[in-house]
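Residue numbers (this note's numbering): 1195 to 1676.
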């Protein structure tokens, strides 16, 4: 960093808000995807939207790239630093600015923790619906960047369905307001474009989200099955019946063992557990819940537990939401992938993943939002064993190929980031990627805002797939299309 740029930063933020010491920078080398690491040029911790704007404007004037980061819980390398760039860490922007109960909305800064939104409006009988498993630690700003979902996205949608408006600093330093205070505002949907853009279009500094009234009744069920196919059949039948549960989650045997070791939810020993939750008017929930129980029994459930108290329901969800972190109890390292398949193709894709597990020799735990087909395979490996980390990456790539071949997607909620950018041409044609790049360039013509994310580079497009790919991506063909 040259002296003039550093002097500009010191005029914007306090000197102790600029981190340059190599030891201090170590904490910011990666987000939740720890296998990708890069040392930032320096870290800036602004304390207000005005300071964020000043930092971005200084980066623009001096031609310095920058990356915005929240709490660092992302799993796609979306907040991975760029060599020589500024990492703008937004954790100090953690204030709840306004709680508007009559209009069912709350205004927060990007560093506010997801769960804190529900806690702040809970005494009024409201809550914030998007609930990623990391909601106790992830930030709303990060949720906006990745369009996070969570267990209840089947009924209530993703972050984009709950954000009403944002203040955002564009890559040239201009502060703009996008959206409004209403659910539907006139004009082009720039807000929908920004949510899920993975920090490549702007830095968000203020967010207005809608809150929902707590449902009259919530009922939760845990059912155990001898096969994943049986659990998947329950999900298909429920949706075919016209039932839209608040949440439908599945975990396989390895994920169950990990959760038991970590938080002791007392799940029954099984090949698969299915969690189904209904909410809404009491009469409707009671009637539909009988259908859920009958459907589980019809498909051979070996155990059914119906939560009869808030404590019992919380215990069931604690087991599900601890699954990612709990995998550290059964493996020294693991790699979380994130893909989507149509519900009807779940059994087929899961069968292929189990075959891949046998062929690769790496254990794979499966945790997924069964209602919308969002898979979260957890690939276990030991980085101390030469070649195992690379093998885990190859296995993850093969799982993504299964998702695409089944008519699904590369990501459901974790984003593309730096992790999956090389696979974008497997899902999008060259013309599609070119159009996306033109949209990005309209916001950031100099390419300073979170560069190197989402879109593939020629270096990655030419890589040869590993030996565990059953249906290899033709690298040469991808290179030709770039």
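Using N, Cα and C, we set each Cβ at its ideal position, and we do this for glycine too. These numbers were taken from a predicted model, which means no experiment stands behind them.
Asked	Found
Ignore the nearest five residues each way along the sequence and tell me which others in residue 1664's own chain have a CB closer than 7 Å to its CB.	Confidence is the limiting factor: at residue 1664 the pLDDT is only 34, short of 50, which leaves the residue's position unreliable, though a coordinate-based value still follows. Excluding sequence neighbours, residue 1664 sits near 1592.
Starting from the C-beta of residue 1608, find all residues in its chain whose C-beta is less than 6 Å away, skip the five residues before and the five after it, and write them out in chain order.	1269, 1270, 1532
Please work out which residues of its chain come closer than 7 Å, Cβ to Cβ, to residue 1395, disregarding the five sequence neighbours upstream and downstream, and give them in chain order.	1388, 1634, 1637, 1638, 1643
From the DSSP output, in three-state form, read off residue 1196 for me.	coil
Quick one: give me the first and last residue of the alpha helix (DSSP H) that residue 1458 is part of.	Counting along the chain, residue 1458 falls outside any alpha helix (DSSP H), and DSSP gives it neither H nor E.
Going by DSSP, which residues form a beta bridge with residue 1574?	1528
Closest to residue 1377 by C-alpha separation, out of 1619, 1237, 1299, 1615, would be which residue?	1299
Going straight from the alpha carbon of residue 1414 to that of residue 1472, what length do you get?	7 Å
Alpha carbon to alpha carbon, how far is residue 1557 from residue 1549? Give it in angstroms, no decimals.	11 Å
Is residue 1590 close to chain D? Criterion is C-beta to C-beta, closer than 7 Å.	Looking at the structure shown, chain D is missing, and only one protein chain is on hand.
In whole angstroms, what separates the C-alpha of residue 1614 from that of residue 1507?	35 Å
Here's the rule: buried if 16 or more other CB atoms are within 10 angstroms of the residue's CB, otherwise exposed. What is residue 1434?	exposed
On the CB-based measure, 16 or more other CB atoms within 10 Å of its CB, does residue 1702 come out buried or exposed?	With the chain represented from 1195 up to 1676, any question about residue 1702 goes unanswered, as that position is not in the structure.
What does the Cβ neighbour count give for residue 1348, buried or exposed, with the cut at 16 atoms within 10 Å?	buried
Near residue 1206, what residues of its chain come up, given a Cβ to Cβ distance below 7 Å and the 5 sequence neighbours on each side ignored?	1245, 1248, 1249, 1252
Quick one: Cα of residue 1284 to Cα of residue 1448, how far?	36 Å
On the premise that residue 1598 lies in contact with residue 1621, defined as a C-beta separation below 8 Å, what is that separation, rounded to the nearest angstrom?	6 Å
Between residue 1275 and residue 1232, is the Cβ-Cβ spacing less than 7 Å?	yes
Can you give the beta carbon distance from residue 1304 to residue 1333, rounded, assuming they're within the 8 Å contact cut?	6 Å
Among 1512, 1519, 1495, which has the Cα closest to the Cα of residue 1419?	1495
Count the other CB atoms, across all protein chains shown, that sit within 10 Å of the CB of residue 1579; report buried if there are 16 or more and exposed otherwise.	exposed
Any contact between the segment 1501-1517 and the segment 1424-1432? By contact I mean 3 or more CB pairs, one from each, below 8 Å.	no
So is residue 1336 buried or exposed if we call it buried at 16+ other beta carbons inside 10 Å?	buried
Would you say the beta carbon of residue 1637 is closer than 6 Å to some non-hydrogen atom of the ligand COA?	You won't find the ligand COA in this model; it holds no ligand whatsoever.
Taking contact to mean 3 or more Cβ pairs, one atom from each stretch, closer than 8 Å, check whether the segment 1322-1329 and the segment 1363-1374 are in contact.	no
Run through the segment 1382-1420 for me and flag every whole beta strand (DSSP E) of 3 or more residues, listed as ranges in chain order.	1397-1404, 1411-1419
Taking the straight line between their C-alpha atoms, what separation do you get for residue 1546 and residue 1353?	31 Å
Going by CA-CA distance only, name the one from 1317, 1567, 1516 that's closest to residue 1542.	1567
Going by beta carbon distance, what residues of the same chain come within less than 8 Å of residue 1653, once the five residues before and after it are set aside?	Residue placement at residue 1653 is flagged as unreliable, the pLDDT there being 36, under the threshold of 50; a coordinate-derived value is accordingly withheld.
Along the chain, where does the alpha helix (DSSP H) containing residue 1630 start, and where does it finish?	1624-1637
I need the straight-line Cα distance from residue 1254 to residue 1475, nearest angstrom please.	53 Å
Can you give me the Cβ contacts of residue 1602 inside the same chain, cut-off strictly under 7 Å, excluding the 5 residues immediately before and after it?	1533, 1534, 1535, 1536, 1567
Let me confirm a value: residue 1208 is counted as buried when at least 16 other C-beta atoms fall within 10 Å, else exposed. Which label applies?	exposed
Looking at the structure shown, is residue 1649 part of a helix, part of a strand, or coil, going by DSSP?	coil
Under a Cβ-count criterion, where at least 16 other Cβ atoms within 10 Å of its own Cβ denotes burial, should residue 1301 be classed as buried or exposed?	buried
Quick check on residue 1654: does DSSP put it in helix, strand or coil?	With a pLDDT of 37 at residue 1654, under the threshold of 50, the modelled position of this residue cannot be trusted; read the value that follows with caution. Residue 1654 falls in the helix class under three-state DSSP.
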